[in-house]
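Mapped onto the UniProt record's numbering, the consecutive letters of the sequence shown carry residue numbers 1 to 733.
Heads up, the beta-carbon is just placed ideally off N, CA and C, and yes, glycines get one too.
Values in this document were obtained by computation on a predicted structure and should not be read as measured data.
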Amino acid sequence: MAVTLETPLARVLGPKTATSMAEQLSLHTVRDLLRHYPRRYARRGEQADLADVQVGDRVTVVAQVRSVTTRPMRNRRGSLTEVVVGDGSGRMKLVFFNHRHTKLAVNAWGMFAGTVGEYRGEKQFAHPDMHLLDGDNSDDDWARALIPIYPATKDVSSWVIQKSLKLLLGPQANLAGLVEDPLPEEIRTRHGILPLAAALLDIHRPTTMDDVERAAHRLKWDEALTLQLTLAARRRAAALEPGTARPRRPAGLLDAVDAALPFALTEGQRAVGEELAAELDRDQPMHRLLQGEVGSGKTVVALRAMAQVVDAGGQAALLAPTEVLAAQHARGIRELLGPLGRAGELDGDPSGTRVTLLTGSLKAAAKRQARAEVAEGRAGIVVGTHALLQEGVEFADLGLVVVDEQHRFGVEQRDALRAKGSRPPHVLVMTATPIPRTVAMTVYGDLEISTLRQLPSGRGGVSSSVVPVREKSNWLDRAWERLREEVAAGRQAYVVCPRIGDEADSPARADDEPDDVDGAPEEESRSDRRPPLAVLDVAEGLRSGSLAGLRLDVLHGRLTAEEKDARMRAFGAREIDVLVATTVVEVGVDVPNATVMVVMDADRFGVSQLHQLRGRVARGKHPGLCLLVTDAPSASPTGQRLAAVAATSDGFEMARLDLETRREGDILGAAQSGRRSGVRLLSLLADEELIAAARAEATALLETERGLADHPGLAAEVARLATDERADYLEKA
Numbered sequence: 001m002a003v004t005l006e007t008p009l010a011r012v013l014g015p016k017t018a019t020s021m022a023e024q025l026s027l028h029t030v031r032d033l034l035r036h037y038p039r040r041y042a043r044r045g046e047q048a049d050l051a052d053v054q055v056g057d058r059v060t061v062v063a064q065v066r067s068v069t070t071r072p073m074r075n076r077r078g079s080l081t082e083v084v085v086g087d088g089s090g091r092m093k094l095v096f097f098n099h100r101h102t103k104l105a106v107n108a109w110g111m112f113a114g115t116v117g118e119y120r121g122e123k124q125f126a127h128p129d130m131h132l133l134d135g136d137n138s139d140d141d142w143a144r145a146l147i148p149i150y151p152a153t154k155d156v157s158s159w160v161i162q163k164s165l166k167l168l169l170g171p172q173a174n175l176a177g178l179v180e181d182p183l184p185e186e187i188r189t190r191h192g193i194l195p196l197a198a199a200l201l202d203i204h205r206p207t208t209m210d211d212v213e214r215a216a217h218r219l220k221w222d223e224a225l226t227l228q229l230t231l232a233a234r235r236r237a238a239a240l241e242p243g244t245a246r247p248r249r250p251a252g253l254l255d256a257v258d259a260a261l262p263f264a265l266t267e268g269q270r271a272v273g274e275e276l277a278a279e280l281d282r283d284q285p286m287h288r289l290l291q292g293e294v295g296s297g298k299t300v301v302a303l304r305a306m307a308q309v310v311d312a313g314g315q316a317a318l319l320a321p322t323e324v325l326a327a328q329h330a331r332g333i334r335e336l337l338g339p340l341g342r343a344g345e346l347d348g349d350p351s352g353t354r355v356t357l358l359t360g361s362l363k364a365a366a367k368r369q370a371r372a373e374v375a376e377g378r379a380g381i382v383v384g385t386h387a388l389l390q391e392g393v394e395f396a397d398l399g400l401v402v403v404d405e406q407h408r409f410g411v412e413q414r415d416a417l418r419a420k421g422s423r424p425p426h427v428l429v430m431t432a433t434p435i436p437r438t439v440a441m442t443v444y445g446d447l448e449i450s451t452l453r454q455l456p457s458g459r460g461g462v463s464s465s466v467v468p469v470r471e472k473s474n475w476l477d478r479a480w481e482r483l484r485e486e487v488a489a490g491r492q493a494y495v496v497c498p499r500i501g502d503e504a505d506s507p508a509r510a511d512d513e514p515d516d517v518d519g520a521p522e523e524e525s526r527s528d529r530r531p532p533l534a535v536l537d538v539a540e541g542l543r544s545g546s547l548a549g550l551r552l553d554v555l556h557g558r559l560t561a562e563e564k565d566a567r568m569r570a571f572g573a574r575e576i577d578v579l580v581a582t583t584v585v586e587v588g589v590d591v592p593n594a595t596v597m598v599v600m601d602a603d604r605f606g607v608s609q610l611h612q613l614r615g616r617v618a619r620g621k622h623p624g625l626c627l628l629v630t631d632a633p634s635a636s637p638t639g640q641r642l643a644a645v646a647a648t649s650d651g652f653e654m655a656r657l658d659l660e661t662r663r664e665g666d667i668l669g670a671a672q673s674g675r676r677s678g679v680r681l682l683s684l685l686a687d688e689e690l691i692a693a694a695r696a697e698a699t700a701l702l703e704t705e706r707g708l709a710d711h712p713g714l715a716a717e718v719a720r721l722a723t724d725e726r727a728d729y730l731e732k733a
């Protein structure tokens with residue numbers, strides 16, 4: 001049988017194994033299996049895995065049998081066999097009920113896979129899957145110096161994957177004939193890169209870790225170059241799109257906005273504003289990412305761009321992730337524009353425009369009126385949530401799409417809004433999470449990037465501290481005292497909790513905002529933890545306890561839009577002292593008088609999310625305080641992560657910490673962790689130089705007269721990634 005990369009695994013491995021691989025690991029073809037790389041390598045007696053495994057993890061370990069004991073069970077019929085295994089760094093117990101494994105003899109080596117449990121303080125596997133490594137000639141994998149351990153599942157173990165790959169990589173296989181190398185030889189020579197066939201052989205069947213390192217370097221090049229070619233092609237395509245120029249017009253809405261601003265623009269805001277103004281003046285649609293520190297004034301920059309588009313006869317749409325934020329944006333823009341934002345009303349200025357809010361919770365009559373204002377062009381500035389994307393929402397002349405907190409929206413949502421323009425509109429996406437250079441090159445490579453680093457003058461600044469309640473319980477009492485002191489001085493405070501409360505609420509979160517992409521690291525999501533603290537429970541406890549006598553209210557996604565808006569208005573009007581909330585306040589909420597934030601269960605939030613939350617305080621002239629309450633030990637990885645967050649307020653330093661502590665799949669989007677997305681080995685933190693070199697090679701290849709025409713293998717890889725449903729994370733524009 002002639003085998004190719006596209007040969008279904010069922011023809012090579014048989015239907016049973018192939019079906020399990022397809023269903024549980026998304027491995028369908030020979031290509032998929034060859035690109036399913038080991039996640040680590042084991043050496044007999046030279047590893048430190050048992051000491052590191054955590055309860056709740058599903059892992060594969062290589063260990064030696066130290067003892068085997070079988071005894072009758074006390075409370076029921078049958079026997080219990082306990083096997084203690086070790087690997088030189090730690091030990092673990094294997095438990096079998098009514099099942100003796102005669103080959104499990106003392107000194108035998110094996111691979112054991114299962115979910116780590118715990119009994120009386122000792123880690124154990126109950127009925128683990130296992131594969132004994134007896135070193136005979138029939139098992140030449142064990143004779144090798146390194147044993148690859150693969151990402152596996154209950155029904156597709158690491159050793160099943162090993163044996164399957166042996167069929168493709170054994171002595172009779174012609175890997176060089178099977179694999180066509182997509183990388184041009186001149187690129188391989190210039191960067192000292194292995195041929196693809198050699199790299200695949202060394203990644204799956206290495207002799208030394210040097211083999212692994214060289215193979216991984218080559219395979220990372222495949223990933224980086226394919227990504228950069230895809231992004232470069234999209235940049236070129238975007239430059240050829242027919243757009244509509246929206247030039248600046250003197251004495252228009254933009255000049256009125258500048259005159260109405262109650263503060264002077266920072267140098268950074270002016271510089272970025274000029275960049276946007278120049279791009280809006282071109283026929284090609286702008287595709288720009290505006291990143292900036294929390295509180296750096298991105299919204300003002302976006303409003304000035306929207307005003308320029310309105311002056312040129314177009315409409316601007318601002319897409320916000322929550323109704324609270326959308327309502328706040330609309331209210332703030334209306335207040336700033338005054339009569340210029342109420343054209344058509346009795347006290348409106350006829351030379352101005354209308355600011356229209358469109359959200360899902362609007363009553364039917366209000367929704368019809370808002371849609372009519374948008375469709376007829378009377379609304380020059382349209383602010384909304386996902387409701388803007390619905391069928392029936394039509395624009396007269398959509399000229400600019402602004403996406404606030406872009407990471408909250410999926411590809412289809414952004415594309416749906418862009419498609420509402422008769423010609424491709426200009427696009428500005430904003431994020432308050434500063435982006436490291438490697439992420440910018442890899443994820444946002446098809447966007448131009450502007451950065452705001454300078455904060456407006458007069459801001460008080462935020463200091464942060466960790467409150468480790470298990471180790472220093474009295475610190476929490478002091479935290480509430482500190483909050484009361486701020487309220488007594490005329491200030492206000494937030495208390496943030498991970499969930500809402502009540503039995504109907506899920507432990508993770510039940511709010512109106514989209515799911516977070518910024519969860520806490522994987523190590524902290526084990527099932528043996530107590531449920532996260534809830535807004536309703538914490539608020540009730542504070543009312544009758546530590547904060548008794550203060551004006552306290554709650555804010556969460558289960559409230560109606562009217563209730564949420566009313567409570568935010570009341571908080572902004574200083575009618576509420578303490579707002580106990582979920583992360584519905586995470587982005588954009590602007591109450592200058594709020595100076596304290598207490599984050600309960602801070603370890604349940606990711607680094608970027610904590611930075612966003614902290615940015616809600618000290619937005620006025622008074623200094624702010626952020627207290628990160630946790631029961632995690634200070635010496636644990638979680639405690640150290642929180643201490644690092646408290647130690648810096650620099651968003652770019654936080655972004656790097658974010659990369660170090662989170663799975664990179666969350667940074668790139670869910671598809672980064674996908675098995676077919678083309679990214680498995682590339683590390684945004686460790687491979688910055690490689691990514692930059694791949695970007696330069698991709699640009700050079702596409703600038704040649706024939707582009708990829710002379711490199712069909714590379715063209716095929718790009719086409720494969722471009723059509724892969726799991727490559728959506730590339731679509732950030």
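Can the beta-carbon of residue 8 be found closer than 8 Å to that of residue 36?
The residue you call residue 8 lines up with position 8 of the sequence shown. The residue you call residue 36 lines up with position 36 of the sequence shown. Going by C-beta atoms, residue 8 is not nearer than 8 Å to residue 36.
By the DSSP assignment, the alpha helix (DSSP H) with residue 288 in it spans what residues?
Within the sequence shown, the letter at position 288 stands for residue 288. Residue 288 -> not in any alpha helix (DSSP H); beta strand (DSSP E) instead, spanning 287-292.
Bridge partners for residue 400 per DSSP, in chain order?
Here residue 400 refers to the residue found at position 400 of the sequence shown. For residue 400, which the question treats as bridged, DSSP gives the partners 316 and 426.
Let's see if you can read the secondary structure: which residues bound the alpha helix (DSSP H) around residue 332?
Here the question's residue 332 lines up with position 332 in the sequence shown. From DSSP, the alpha helix (DSSP H) with residue 332 extends over 323-337.
Is the beta carbon of residue 549 less than 8 Å from the beta carbon of residue 584?
Position 549 of the sequence shown, counted from the start, is the residue given in the question as residue 549. Position 584 of the sequence shown, counted from the start, is the residue given in the question as residue 584. No, they are not a contact pair.
Have a look at 690, 572, 592 and 462 and flag the residue whose alpha-carbon is nearest the alpha-carbon of residue 648.
For this step, residue 648 is matched to residue 648 along the sequence shown. Of the listed residues, the one whose Cα sits closest to residue 648 is 462.
What's the call for residue 16, buried or exposed, on a 16-neighbour Cβ count within 10 Å?
Counted from its first residue, the sequence shown places residue 16 at position 16. When all chains shown are included, residue 16 counts as exposed.
By Cβ distance below 6 Å, which residues in the same chain neighbour residue 249 in space, the five residues on each side in sequence not counted?
Reading the sequence shown from its first residue, position 249 is the one you call residue 249. Within the same chain, residue 249 has close Cβ partners 311.
Please check the pair residue 401 and residue 427, which I expect to be a contact at CB under 8 Å, by giving their CB distance rounded to whole angstroms.
Here residue 401 corresponds to residue number 401 of the sequence shown, with the count starting at 1. Here residue 427 corresponds to residue number 427 of the sequence shown, with the count starting at 1. Contact flag correct, Cβ pair sits at about 5 Å.
What did DSSP end up calling residue 708 once you bin it into helix, strand or coil?
Taking the sequence shown and counting its residues from 1, one reaches residue 708 at position 708. Note: residue 708 maps to coil in three-state DSSP.
I think residue 361 touches residue 155, with their Cβ atoms under 8 Å apart; what is that distance to the nearest whole Å?
Taking the first residue of the sequence shown as 1, we reach residue 361 at position 361. Taking the first residue of the sequence shown as 1, we reach residue 155 at position 155. Not really, about 45 Å apart at Cβ, beyond 8 Å.
Within its chain, find whatever has a CB closer than 6 Å to the CB of residue 184; leave out the 5 residues flanking it on each side and keep chain order.
Locating residue 184 in the sequence shown gives position 184, where the first residue counts as 1. 711, listed in sequence order.
Spatial neighbours of residue 681 within its chain, please: C-beta separation below 7 Å, excluding the five flanking residues on both sides.
Mapped onto the sequence shown, residue 681 falls at position 681. Excluding residues within five positions, the ones whose Cβ falls inside 7 Å are 37, 216, 219, 220 and 223.
Could you tell me which residues DSSP pairs with residue 63 in its beta bridges?
In the sequence shown, residue 63 corresponds to position 63, counting from 1. Bridge partners of residue 63: 110.
Hey, is the segment 687-703 in contact with the segment 196-215, meaning 3+ C-beta pairs nearer than 8 Å?
As far as the Cβ criterion goes, the segment 687-703 does not touch the segment 196-215, which means the pair count is below three.
Report the residue from 85, 328, 106 and 129 whose alpha carbon sits nearest the alpha carbon of residue 590.
For the purposes of this step, residue 590 is taken as the residue at position 590 of the sequence shown. For the residues 85, 328, 106 and 129, the minimum Cα distance to residue 590 belongs to 328.
Out of curiosity, what's the CA-to-CA distance linking residue 363 and residue 319?
For this step, residue 363 is matched to residue 363 along the sequence shown. For this step, residue 319 is matched to residue 319 along the sequence shown. Going from the Cα of residue 363 to the Cα of residue 319 covers about 20 Å.
Any idea what DSSP makes of residue 356, helix, strand or coil?
Mapped onto the sequence shown, residue 356 falls at position 356. If DSSP states are grouped into helix, strand and coil, residue 356 belongs with the strands.
Using the beta-carbon count (16 or more within 10 Å), is residue 300 buried or exposed?
Taking the first residue of the sequence shown as position 1, residue 300 is located at position 300. It is buried - the Cβ of residue 300 has at least 16 other Cβ atoms within 10 Å.
For residue 300, which three-state DSSP category applies?
As a first step, residue 300 is located in the sequence shown; it is residue number 300 there, counting from the start. Looking at residue 300 - three-state DSSP - the assignment turns out to be helix.
Which class does residue 90 belong to by DSSP, given the choice of helix, strand or coil?
Residue mapping note: residue 90 aligns to position 90 of the sequence shown, counting from 1. Three-state DSSP puts residue 90 in coil, outside helix and strand.
List the whole-angstrom C-beta distance separating residue 593 from residue 482, where the pair is believed to meet the contact cut-off of C-beta under 8 Å.
Here residue 593 refers to the residue found at position 593 of the sequence shown. Here residue 482 refers to the residue found at position 482 of the sequence shown. So it is not a contact: roughly 17 Å between Cβ atoms.
Tell me the rounded alpha-carbon separation between residue 468 and residue 580.
On the sequence shown, residue 468 is found 468 positions in, with the first residue counted as 1. On the sequence shown, residue 580 is found 580 positions in, with the first residue counted as 1. C-alpha separation (whole angstroms): 20 Å.
What separation, rounded to the nearest whole angstrom, lies between the Cα atoms of residue 120 and residue 571?
The residue labelled residue 120 in the question sits at position 120 within the sequence shown. The residue labelled residue 571 in the question sits at position 571 within the sequence shown. Taking the straight line from one Cα to the other gives about 50 Å.
Could you check what DSSP says for residue 178 in three-state terms: helix, strand or coil?
Looking up residue 178 in the sequence shown gives position 178. Note: residue 178 maps to helix in three-state DSSP.
Report the residue ranges of all beta strand (DSSP E) runs contained in full by the segment 224-288; include only those spanning at least 3 residues, in chain order.
Fully enclosed beta strand (DSSP E) runs of 3 or longer: not present.
Quick one: residues in its chain with C-beta nearer than 8 Å to the C-beta of residue 39, no 5 flanking neighbours on either side, listed in chain order?
Translated into the one-based positions of the sequence shown, residue 39 becomes position 39. Within the same chain, residue 39 has close Cβ partners 149, 150 and 151.
With a threshold of 16 other CB atoms inside 10 Å of the CB of residue 263, please say whether the residue is buried or exposed.
Mapped onto the sequence shown, residue 263 falls at position 263. Per the 10 Å Cβ criterion, exposed.
Whole angstroms are fine: how far does the CA of residue 67 sit from the CA of residue 116?
Taking the first residue of the sequence shown as position 1, residue 116 is located at position 116. Taking the first residue of the sequence shown as position 1, residue 67 is located at position 67. Between residue 116 and residue 67, the C-alpha separation is close to 19 Å.
Roughly how far, in whole angstroms, is the beta-carbon of residue 399 from the beta-carbon of residue 246, given that I think they are within contact range, below 8 Å?
For the purposes of this step, residue 399 is identified with residue 399 of the sequence shown, where counting begins at 1. For the purposes of this step, residue 246 is identified with residue 246 of the sequence shown, where counting begins at 1. Sure, about 5 Å apart at Cβ, within 8 Å.
Under 7 Å Cβ to Cβ from residue 456, same chain only, skipping five residues before and after it: list those, please.
The residue given as residue 456 occupies position 456 in the sequence shown. Counting only Cβ-Cβ distances below 7 Å, and skipping sequence neighbours, we find 263, 266 and 297.
Could you give the DSSP three-state label for residue 520: helix, strand or coil?
In the sequence shown, counting from the first residue as 1, residue 520 sits at position 520. Here the model assigns residue 520 a pLDDT of 42, short of 50, so the residue's position is not dependable, and the following value carries that caveat. Residue 520: coil per DSSP, three-state reduction.
So, helix, strand or coil for residue 131, using DSSP?
Translated into the one-based positions of the sequence shown, residue 131 becomes position 131. Correct three-state label for residue 131: strand.
Please name the residue in 496, 305 and 169 whose C-alpha comes closest to that of residue 34.
Taking the first residue of the sequence shown as 1, we reach residue 34 at position 34. The option with the nearest alpha carbon to residue 34 is 169.
Is DSSP giving residue 395 helix, strand or coil here?
On the sequence shown, residue 395 is found 395 positions in, with the first residue counted as 1. If DSSP states are grouped into helix, strand and coil, residue 395 belongs with coil.
Which one of 254, 288 and 404 has the shortest CA to CA distance from residue 336?
Numbered from 1 along the sequence shown, position 336 holds the residue referred to as residue 336. It is 254 whose Cα lies nearest to the Cα of residue 336.
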